[in-house]
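I have placed the structure first, in the form of structure tokens, so that the comments after it can refer back to it.
Numbering (the working numbering), first residue to last: 307 to 618.
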């Protein structure tokens, strides 16, 4: 009851948050049990003292409609990696002597905001040479066609996500794909090399990117994590995919963990610490697998719940 009341209040405050709840609850859902509305949000898991449900995780990731479009202060994270996204939708700029790499265009409507952030950091948006994606959902890759139109960047995507991307046509624009990637392939520009790791489950071609970054005379392992959030019924194929992905993510070397939503790596909290000076708060090996731990706990709880016999 408390959770339903909370979501209902969020719906009153922001229509989009209500839509988020509707997505998680399912079609035909309402907030009133008396009107045949869905069961309470479940399952719930607790990781490091914090309790999560599917509904709360999605709301945490997306925030309000304003959060998805409002610019977050652009900032350097580590080495040549900069944040140029919104409050809740990540976009990363990797600067090299031979041009720049952009990871995630987010929604098409956010491309001007990303361009503004790039320019506020002192770089040229037109210097974007390569555009990479995290996974084939609109909140991460809908803007690809516009970025290519504005910059001429080469758009690269994991093979397993290509069919979904082909169907992503904002305003009727064909989704550009200049290079199809496969698990373990590298993308290199100006001395920066990213490795594409296939971590399927959330989408077929969900891609976790890794690279090296230098700061203070040291080299650090950076991981741009792909969402590991289960979104529906866990089929045997999905169980295999998620199991493989969780195992891989836990095995990857990591000093700096980033994600396709800022909340996945406590971006706002770390940014606030960054403003105060001192050690770089983004260098945080201890929390590199926290998001994976949360999602794996949810995955296993959903699997257990799914196997329970239906109540009459």
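For each residue, glycine too, the CB sits at the ideal point set by N, CA and C. Since the model is a prediction, treat every value here as computed from it, not as a measurement.
Query                                                                                                                                                                             : Result
Could you give the distance in angstroms between the alpha-carbon of residue 613 and the alpha-carbon of residue 542?                                                             : 12 angstroms
Please classify residue 461: does DSSP put it in a helix, a strand, or coil?                                                                                                      : strand
For residue 523, which option in 385, 379, 378 and 370 has the closest C-alpha, if you only look at C-alpha atoms?                                                                : 385
Go ahead and pull the three-state DSSP assignment for residue 568.                                                                                                                : helix
Can you tell me whether residue 642 is buried or exposed? The criterion is at least 16 other CB atoms within 10 Å of its CB, across all chains shown.                             : In the structure as shown, the chain begins at 307 and stops at 618. Residue 642 is therefore absent and cannot be evaluated.
So what does DSSP say about residue 529, is it helix, strand or coil?                                                                                                             : strand
Classify residue 380: buried if its beta carbon has 16 or more other beta carbons within 10 angstroms, exposed otherwise.                                                         : buried
Write down every uninterrupted run of the beta strand (DSSP E) in the region 434-510 whose length is 3 residues or greater and which is fully enclosed by it, in chain order.     : 434-438, 460-464, 485-487, 492-495 and 498-504
Within 10 angstroms of its Cβ, does residue 391 collect 16 or more other Cβ (buried), or is it exposed?                                                                           : buried
Alpha carbon to alpha carbon, how far is residue 451 from residue 479?                                                                                                            : 7 angstroms
Note down, one range per segment and in chain order, each alpha helix (DSSP H) of at least 4 residues found wholly within the region 383-439.                                     : 417-426
Just to confirm, are residue 432 and residue 412 a CB contact at a threshold of 8 angstroms?                                                                                      : no
Could you check if residue 348 is buried or exposed, using at least 16 other CB atoms within 10 Å of its CB as the buried criterion?                                              : exposed
Between residue 247 and residue 393, how many whole angstroms is the CB-CB distance? I'm expecting something under 8 angstroms.                                                   : The question about residue 247 has no answer, for the chain in this structure spans 307 to 618.
Spatial neighbours of residue 410 within its chain, please: CB distance less than 8 angstroms, with the 5 preceding and 5 following residues excluded, ordered by chain position. : 391, 395, 396, 397, 398, 438, 439, 440, 446, 447 and 566
What is the residue span of the alpha helix (DSSP H) that residue 582 lies within?                                                                                                : Unbroken run through residue 582: none, as it is neither H nor E.
Going by beta carbon distance, what residues of the same chain come within less than 8 angstroms of residue 540, once the five residues before and after it are set aside?        : 548, 605, 608, 609 and 612
Once DSSP output is grouped into helix, strand and coil, what is the label at residue 519?                                                                                        : strand
To the nearest angstrom, how far is the alpha carbon of residue 599 from that of residue 425?                                                                                     : 36 angstroms
Quick check on DSSP: helix, strand or coil for residue 327?                                                                                                                       : Legend: pLDDT at residue 327 = 38, less than 50; position of this residue unreliable, value from coordinates given subsequently. DSSP places residue 327 in helix when its eight states are reduced to three.
What number of angstroms, rounded off, separates the C-alpha of residue 487 from the C-alpha of residue 416?                                                                      : 25 angstroms
Do residue 513 and residue 532 come within 8 angstroms of each other at the CB atom, strictly closer than that value?                                                             : yes
Just mark residue 404 as buried or exposed, buried being the case when its beta carbon has 16 or more other beta carbons within 10 Å.                                             : exposed
Given that a residue counts as buried once 16 or more other Cβ atoms are within 10 Å of its Cβ, and exposed if not, what is residue 414?                                          : buried
Which residue's Cα is closest to the Cα of residue 525: 546, 536 and 559?                                                                                                         : 559
State the start and end residues of the unbroken beta strand (DSSP E) segment that holds residue 351.                                                                             : 351-353
Start and end of the beta strand (DSSP E) containing residue 377?                                                                                                                 : No beta strand (DSSP E) holds residue 377; DSSP gives it neither H nor E.
Given a cut-off of 8 angstroms, decide if residue 501 and residue 528 are closer than it, judged by their beta-carbon atoms.                                                      : no
Do the CB positions of residue 474 and residue 493 come within less than 8 angstroms of each other?                                                                               : no
In whole angstroms, what is the alpha-carbon distance linking residue 467 and residue 509?                                                                                        : 7 angstroms
Taking 8 angstroms as the threshold (C-beta atoms), are residue 387 and residue 408 in contact?                                                                                   : no
Using the three-state DSSP reduction, which class does residue 606 fall into: helix, strand or coil?                                                                              : helix
Quick one: grab the DSSP three-state call for residue 549.                                                                                                                        : helix
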